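A.B. asks: Take the position in the sequence shown, starting the count at 1, then add 79; the result is the number in our numbering. Even glycine gets a Cβ: it sits at the ideal position worked out from N, Cα and C. In this text the structure is predicted, and so the values were computed from the model without any measurement.
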Amino acid sequence: MSLGAQLEADLVAAMKDRDVLKVSCLRMLKSAAGYYKIERKKEVLEDQDLIELLQKQVKQRKESFESYEKAGRKDLSEKEARELVILQAYLPKEMSDEELTALAREVIGRTGAKAKADLGRVMKDLVPLLKGRADGKRASAAAASLLV
């Protein structure tokens with residue numbers, strides 16, 4: 080089952096279960112997917128497009144959670160945390176630090192990068208290989224730690 084079909088099925092199930100938070104979260108995701116299709120001029124979103132969209136939504140929730148925590152808004156931060164859990168369930172399993180470092184080492188060897196000045200070249204080849212399994216900041220830190 081594709082990710083889009085899974086999201087649609089889960090939305091229907093959440094509506095039947097009267098899970099207000101999950102329905103709200105998945106509807107926001109569906110709305111964001113509609114805007115994404117218009118922005119990218121696509122008729123149908125592939126799984127990779129949805130993963131990219133999910134990553135953006137997860138990042139937004141994390142930032143909102145931190146902001147609400149700093150502001151002392153416990154009620155809103157708890158809602159963001161619950162939405163974060165819902166969205167993260169649809170993302171692929173996170174890469175471990177060891178896997179990420181090994182992949183960065185492989186890309187560095189392939190590109191012939193030697194210094195930190197070559198980090199952009201490494202990241203250009205590394206990011207497409209991550210396929211939503213690692214954050215760009217983590218990937219950049221792993222690659223930078225391997226370069227002199």
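(1) With distances taken from CA atoms, which of A112, M202, L208 and L86 is nearest S224?
(2) How is the alpha helix (DSSP H) around Y147 delimited, first residue to last?
(3) Assuming L170 and R217 make a contact with CB atoms under 8 Å, what is their CB distance in whole Å?
(4) Three-state secondary structure (DSSP) at K120?
(5) Please check the pair R212 and K172, which I expect to be a contact at CB under 8 Å, by giving their CB distance rounded to whole angstroms.
(6) Alpha carbon to alpha carbon, what distance is there between K121 and G188?
(7) To the nearest angstrom, how far is the alpha carbon of A112 from that of E87?
C.D. replies: Checking against the coordinates, here is how it stands:
(1) Residue M202 is the option with its Cα nearest to S224.
(2) Unbroken alpha helix (DSSP H) run through Y147: D126 to A150.
(3) Actually they do not touch by this definition, with Cβ atoms about 14 Å apart.
(4) Reduced to three states, the DSSP call for K120 is coil.
(5) At roughly 7 Å, the Cβ-Cβ gap stays under 8 Å, so R212 and K172 are in contact.
(6) Whole-angstrom Cα-Cα distance: 36 Å.
(7) Rounded to whole angstroms, A112 and E87 show a C-alpha spacing of 12 Å.
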